[in-house]
Amino acid sequence: MRQPSITIIGAGFGGLSTAIELKQAGYRDITVLEKADGVGGVWRENTYPNAACDVPSSLYSWSFAPNPDWPHRYSRQDEILAYIERTARERGLLDLVRTGVEVTSATYDETGGGWHLETSAGEHIDTDILVTAVGQLSRPSIPELPGLGTFEGPAFHSAEWDHSVDLRGKRIAVLGTGASAIQFVPGIQPDAGHVTVFQRSAPYVAAKPDREYTRTHGRLFRRFPRTQRFGRELTWQITEQFNNALINDTVIKKAVKLGWRAQLHRQVRDKELRAKLIPDYEFGCKRVLFANNWYSTLVQPNVSLVTEPVVEVLPVGVRSGDGTVHEVDVIIYGTGFAATEFLAPMQITGLDRADLQARWKSGARAFLGLCMPDFPNLFVVYGPNTNLGGSSIINMLEAAAGAIRTLLRHTEEQGGRSVVVRADVEERFDEEMQSRLRESIWASCHNWYHQDGGRISTNWPGLVKEYQQRCADLDLRDFVVA
Ligand SMILES: Cc1cc2nc3c(=O)[nH]c(=O)nc-3n(C[C@H](O)[C@H](O)[C@H](O)COP(=O)(O)OP(=O)(O)OC[C@H]3O[C@@H](n4cnc5c(N)ncnc54)[C@H](O)[C@@H]3O)c2cc1C
Numbered sequence: 117m118r119q120p121s122i123t124i125i126g127a128g129f130g131g132l133s134t135a136i137e138l139k140q141a142g143y144r145d146i147t148v149l150e151k152a153d154g155v156g157g158v159w160r161e162n163t164y165p166n167a168a169c170d171v172p173s174s175l176y177s178w179s180f181a182p183n184p185d186w187p188h189r190y191s192r193q194d195e196i197l198a199y200i201e202r203t204a205r206e207r208g209l210l211d212l213v214r215t216g217v218e219v220t221s222a223t224y225d226e227t228g229g230g231w232h233l234e235t236s237a238g239e240h241i242d243t244d245i246l247v248t249a250v251g252q253l254s255r256p257s258i259p260e261l262p263g264l265g266t267f268e269g270p271a272f273h274s275a276e277w278d279h280s281v282d283l284r285g286k287r288i289a290v291l292g293t294g295a296s297a298i299q300f301v302p303g304i305q306p307d308a309g310h311v312t313v314f315q316r317s318a319p320y321v322a323a324k325p326d327r328e329y330t331r332t333h334g335r336l337f338r339r340f341p342r343t344q345r346f347g348r349e350l351t352w353q354i355t356e357q358f359n360n361a362l363i364n365d366t367v368i369k370k371a372v373k374l375g376w377r378a379q380l381h382r383q384v385r386d387k388e389l390r391a392k393l394i395p396d397y398e399f400g401c402k403r404v405l406f407a408n409n410w411y412s413t414l415v416q417p418n419v420s421l422v423t424e425p426v427v428e429v430l431p432v433g434v435r436s437g438d439g440t441v442h443e444v445d446v447i448i449y450g451t452g453f454a455a456t457e458f459l460a461p462m463q464i465t466g467l468d469r470a471d472l473q474a475r476w477k478s479g480a481r482a483f484l485g486l487c488m489p490d491f492p493n494l495f496v497v498y499g500p501n502t503n504l505g506g507s508s509i510i511n512m513l514e515a516a517a518g519a520i521r522t523l524l525r526h527t528e529e530q531g532g533r534s535v536v537v538r539a540d541v542e543e544r545f546d547e548e549m550q551s552r553l554r555e556s557i558w559a560s561c562h563n564w565y566h567q568d569g570g571r572i573s574t575n576w577p578g579l580v581k582e583y584q585q586r587c588a589d590l591d592l593r594d595f596v597v598a
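For the sequence shown, counting from 1, position 273 maps to 389 in our numbering; every step adds exactly one.
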């Protein structure tokens, strides 16, 4: 029987996980299309100072490719990128990846039963199976401030760091205090003239139990791989407990919160500054961040924290809500990503000309974050409701890749050419997700997990184990094979 052609969009952890899974399953006609010039996804993009992982590397790595040589417990961006590149090479994936190809649209061919893709260069590509793995955090978001383009100095987003700009001695405005800013501000502060940090909402920043791995660790992990597996298992159990604490308000949540408070009090003696750093929402509602040098950086004499919002960008700097003009040489946007705009700006058209972006207008949704009725042979990796508050996304990506493999096998065994989830199944699943999420901690404040209309379209409401089980135990009656 003819092998189906499989096209995967995106060569980050998600696309590569799927390519490895399907290659192992014996599929030979696999192509990965990547708009950038290399593999790695967010770990190729985010080169800002101190960019690093929030989850210990023993867990933030592929389950089938442990790395005894991690130099730190929490890996840095360049270490993760090197790991991705090496694993892709070793698994024979680099030959499958076409870089510099940006997919702009995908249209289902009702007669042929496959997908017709168009790229920004005007190329047409036909494929039987389409997997999108374009990430949730791959499109930088900059607020639409008046005067945005008028600033006369360099201005860039943290995910598009401009390394040609010499920050030494400069007056720098940093907008945002999210996961990226708490890493790069301590990185630029020592050499900067002055850093003005604009904080819209204070994050909870708990201590990060980071450490260097010695050569002895490497030797131990290599000689006795079980020790590293044990470390992964332990970390996994801890992060699951942390996820559970976010969902069910357990004692662990109280313990981490106590740790946060202790760190804040230890590093910030000035009561006025400390008051500004106390979040005004419940612990866990926004992503809990981990760093040891965020608060200690904010107390440095060349740093000021402004809690007034930035309301305008000027040729000489920015204006805050109280009317103050802050003159600066450089503006850095640590303002996050367009996380809820799944698959945008690609145009996806399914059966009966169903427009996916129109369907998702009030919030993206998909069965297991993976498949949608009326969009046969289309699978979304790191799709709606598969993000986590405190564990490794890679586990979710591997689980989704396994589910795709099962569905492709099932389709073959049924002698079919296409597979699609039943509409009633997806509807029931979405109701379940939204009812669980309405009760969750994430519903208690405004955060980036929310769609404008109020739905939480990014996060998974359970433990990672539950997602893995549901992907592994698919009820094949939930799908229609044709
Ligand atoms: C700074 C940062 C730190 C993070 N830290 C952690 C962490 O500690 N723990 C954790 O679990 N997760 C973390 N994440 C989340 C991270 O997004 C996931 O862990 C994981 O890397 C997602 O992989 P992905 O392949 O799904 O997406 P991405 O890595 O975003 O890759 C998507 C790829 O698709 C490509 N692409 C997009 N659109 C197109 C198109 N139209 N045509 C062709 N190619 C396209 C992009 O260029 C990109 O290479 C972090 C994210 C960021 C940004």
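Note that CB positions come from ideal geometry on N, CA and C, so glycine has one too.
Top-ranked residue by Cα proximity to residue i, from the options
{"i": "A318", "options": "V422, W159, D471, V497", "result": "V422"}
{"i": "P259", "options": "P184, D490, T527, F272", "result": "F272"}
{"i": "E150", "options": "F340, S236, P489, V311", "result": "S236"}
{"i": "S560", "options": "Q140, A204, S174, R403", "result": "R403"}
{"i": "Q585", "options": "P256, W352, G518, T123", "result": "G518"}
{"i": "L132", "options": "A516, Y583, A598, R552", "result": "A516"}
{"i": "Q315", "options": "S478, L389, D242", "result": "L389"}
{"i": "G142", "options": "S121, M462, I447", "result": "S121"}
{"i": "L592", "options": "R538, K581, Y199, E582", "result": "R538"}
{"i": "N408", "options": "T147, M549, A168, I124", "result": "A168"}
{"i": "S478", "options": "V372, I572, E349, G452", "result": "I572"}
{"i": "V109", "options": "Y164, E542, L138", "result": "Residue 109 lies beyond the range of the chain shown here (117 to 598); nothing can be said about it."}
{"i": "V311", "options": "S420, P325, I298", "result": "S420"}
{"i": "A204", "options": "Q299, I464, E137", "result": "E137"}
Residue i: CB within 8 Å of a non-hydrogen atom of ligand 1
{"i": "V497", "result": "yes"}
{"i": "A297", "result": "no"}
{"i": "V217", "result": "yes"}
{"i": "V301", "result": "no"}
{"i": "I220", "result": "The sequence shown places Thr at residue 220, not Ile. Yes - ligand 1 has a heavy atom lying nearer than 8 Å to the Cβ of T220."}
{"i": "Y583", "result": "no"}
{"i": "N183", "result": "no"}
{"i": "D170", "result": "yes"}
{"i": "L472", "result": "no"}
{"i": "V488", "result": "According to the sequence shown, residue 488 is Met rather than Val. Because no heavy atom of ligand 1 lies under 8 Å away, the Cβ of M488 does not count as near it: no."}
{"i": "N563", "result": "no"}
{"i": "Q252", "result": "yes"}
Which of helix, strand or coil DSSP assigns to residue i
{"i": "W376", "result": "helix"}
{"i": "H613", "result": "This structure does not reach residue 613, given that the chain is present from 117 up to 598, and the question cannot be answered."}
{"i": "P461", "result": "coil"}
{"i": "N359", "result": "helix"}
{"i": "P431", "result": "coil"}
{"i": "A391", "result": "helix"}
{"i": "D471", "result": "strand"}
{"i": "R287", "result": "strand"}
{"i": "D211", "result": "helix"}
{"i": "F399", "result": "coil"}
{"i": "R192", "result": "strand"}
{"i": "P306", "result": "helix"}
{"i": "C561", "result": "coil"}
{"i": "L579", "result": "coil"}
{"i": "P341", "result": "helix"}
{"i": "L138", "result": "helix"}
{"i": "C487", "result": "strand"}
{"i": "D225", "result": "strand"}
Separation of residue j from residue i, as counted between CA atoms
{"i": "S254", "j": "E457", "result": "10 Å"}
{"i": "E639", "j": "E218", "result": "Lying before the first or after the last residue shown, residue 639 is absent from the chain, which here runs from 117 to 598."}
{"i": "I368", "j": "G375", "result": "11 Å"}
{"i": "W476", "j": "H381", "result": "44 Å"}
{"i": "R118", "j": "E514", "result": "26 Å"}
{"i": "P577", "j": "S556", "result": "7 Å"}
{"i": "D244", "j": "V155", "result": "23 Å"}
{"i": "N364", "j": "H566", "result": "20 Å"}
{"i": "G485", "j": "V496", "result": "7 Å"}
{"i": "S174", "j": "L467", "result": "42 Å"}
{"i": "F337", "j": "M462", "result": "43 Å"}
{"i": "D170", "j": "E226", "result": "44 Å"}
{"i": "P302", "j": "G216", "result": "33 Å"}
{"i": "T522", "j": "V536", "result": "13 Å"}
{"i": "N162", "j": "D242", "result": "32 Å"}
{"i": "A127", "j": "R385", "result": "46 Å"}
{"i": "Q305", "j": "Q416", "result": "8 Å"}
{"i": "R144", "j": "V158", "result": "27 Å"}
{"i": "H442", "j": "F358", "result": "40 Å"}
{"i": "V426", "j": "G263", "result": "11 Å"}
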